[in-house]
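Count along the sequence shown starting at 1, add 732, and that's the number in my numbering. Right, one structure below, let's go through it.
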Amino acid sequence: MLNRNYDVNIQNIELFREGGNCSYVIRDIRRHYFLKIIRAPFLETALQSIDVQMYLLRVQFPVIPIILTKSGHPYVRVTEYGEECIFVLFDYVPGDEPAPEDTENVGELIGRLHQVMKNYPGKLVVKGKDFFIDRYIDIMKKVQYEKTEFFLFYGNELWERVKDLPRGYCHCDLYRGNLQKTSDHSMYVLDFDTSCIAFPVYDIVLFCNDTHYFDYDRNGYTKTKVRLEEFVKGYQKYCQLSQEEVSTFHSFIAIYHFQLQATMLELHGYDGSIVEFFDKQYDWLLRWENDCQKYLK
733 MLNRNYDVNI QNIELFREGG NCSYVIRDIR RHYFLKIIRA PFLETALQSI
783 DVQMYLLRVQ FPVIPIILTK SGHPYVRVTE YGEECIFVLF DYVPGDEPAP
833 EDTENVGELI GRLHQVMKNY PGKLVVKGKD FFIDRYIDIM KKVQYEKTEF
883 FLFYGNELWE RVKDLPRGYC HCDLYRGNLQ KTSDHSMYVL DFDTSCIAFP
933 VYDIVLFCND THYFDYDRNG YTKTKVRLEE FVKGYQKYCQ LSQEEVSTFH
983 SFIAIYHFQL QATMLELHGY DGSIVEFFDK QYDWLLRWEN DCQKYLK
């Protein structure tokens, strides 16, 4: 299929990751490629992601190049076991997460991303309280979790703190693994599946987040604040950021726990053991809020 649709001569295919979608490292006689196979449940977000990446390539923003088919399309539609999926072929660009000393440069890169996406001609989904807060509460209600009221109250409080902050383009999954630094010091942004209109500062907080997601770290607030200050130096070369946005970083880290947990549970499902996990998140968030309030006094 690849040889038929692309100007390639595939010699070897190696599974890279398997989950909701599959990805492979592919080698032909000249070079390496990276193949993503996106299955039916994820087609809508994947097509949006491809459109965003093609726009960014046109404006020369550093994303991994998509290899066009022989007919000039950025993907191939395939029917597999009665369900449609798409194949997307990328350049293979090896690299690693940015190092701490790259933080200011990453800030400049993301400032540029937010700036160029202001002119994106496509339509992006708007994500609000339902996405960031309420999905998690709804899952708790379904399993009748005994501390649901705490999460409901705290989630509403968090939303009140941030709801009036500036909205705009948001990558919405900008943890450090979605940035890649190559051996020649080039930097790329990856994975635009969750692109939306939301809070641009959310991207900044996710990258600068130096807390430990599962095991609470009492130094997480201070470490995150230090990295955030470095990031903002670069970011403000392209985009302005208000002091109000910067000062709400601790609230967005808590919101991240609501948002990511809901996404993971929707994707992978859950059973009775989820109660223990909820309890751990309850403990984490309670300690985080208490420590943050001490720092803010």
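The beta-carbon is built from N, C-alpha and C at its ideal position, and this holds for glycine as well.
{"Asked": "Helix or strand or just coil, what does DSSP make of Ser803?", "Found": "coil"}
{"Asked": "Please confirm whether Cys928 and His846 have their CB atoms less than 8 Å apart.", "Found": "no"}
{"Asked": "Would you call the region 871-885 and the region 785-795 in contact, with 3 or more CB pairs under 8 Å?", "Found": "no"}
{"Asked": "In terms of residue numbering, what span does the beta strand (DSSP E) encompassing Ser755 cover?", "Found": "Cys754 to Asp760"}
{"Asked": "What would DSSP say about Glu878, mapped onto helix, strand or coil?", "Found": "coil"}
{"Asked": "Tell me the rounded alpha-carbon separation between Glu881 and Tyr1027.", "Found": "26 Å"}
{"Asked": "Pro826 to Gln743, Cα distance in whole Å?", "Found": "19 Å"}
{"Asked": "Counting along the chain, where does the alpha helix (DSSP H) carrying Arg809 start and finish?", "Found": "That residue, Arg809, is in no alpha helix (DSSP H); its beta strand (DSSP E) goes Val808 to Glu812."}
{"Asked": "When the Cα atoms are used, what is the spatial distance from Met872 to Leu897?", "Found": "27 Å"}
{"Asked": "Would you list the one or two residues that DSSP bridges to Asp823?", "Found": "Tyr765"}
{"Asked": "Going along the chain, which residues of its own chain have a beta-carbon closer than 8 Å to the beta-carbon of Ala986, five neighbours each way excluded?", "Found": "Tyr886, Leu890, Leu1017, Trp1020 and Glu1021"}
{"Asked": "So, with DSSP's three-state summary, where would you put Gln1013?", "Found": "helix"}
{"Asked": "Could you work out which residue in Leu856, Asp1011 and Thr914 is closest to His903 when comparing CA atoms only?", "Found": "Leu856"}
{"Asked": "So Cys928 is in the beta strand (DSSP E); what residue range does that whole segment cover?", "Found": "Cys928 to Ala930"}
{"Asked": "Assuming the contact rule is C-beta atoms closer than 8 Å, Leu906 and Leu938 should be a hit. Round their C-beta distance to whole Å, please.", "Found": "5 Å"}
{"Asked": "Going by DSSP, which residues form a beta bridge with Gln912?", "Found": "Tyr920"}
{"Asked": "Which of the three DSSP states, helix, strand or coil, is assigned to Gln743?", "Found": "strand"}
{"Asked": "Below 7 Å CB to CB, which residues in the same chain sit around Asp783 once its five sequence neighbours on both sides are set aside?", "Found": "Gly854"}
{"Asked": "Do Tyr967 and Glu840 count as a contact pair if the criterion is CB distance below 8 Å?", "Found": "yes"}
{"Asked": "Is the CB-CB distance between Tyr988 and Asn951 below 8 Å?", "Found": "no"}
{"Asked": "Suppose the cutoff is 7 Å on Cβ atoms and the five residues either side in sequence are ignored; what does the same chain contact list for Tyr738 look like?", "Found": "Ile799, Thr801, Lys802 and Leu821"}
{"Asked": "The alpha helix (DSSP H) with Gly952 in it runs from where to where?", "Found": "Gly952 to Tyr967"}
{"Asked": "Rounded to the nearest angstrom, how far is the Cβ of Gly900 from that of Lys850, given a contact under 8 Å?", "Found": "7 Å"}
{"Asked": "Can you name the residues that DSSP bridges to Gly900?", "Found": "Ala930"}
{"Asked": "Just list the beta strand (DSSP E) runs in the region 982-1027, keeping only unbroken ones of 3 residues or longer that don't cross its boundaries, in chain order.", "Found": "none"}
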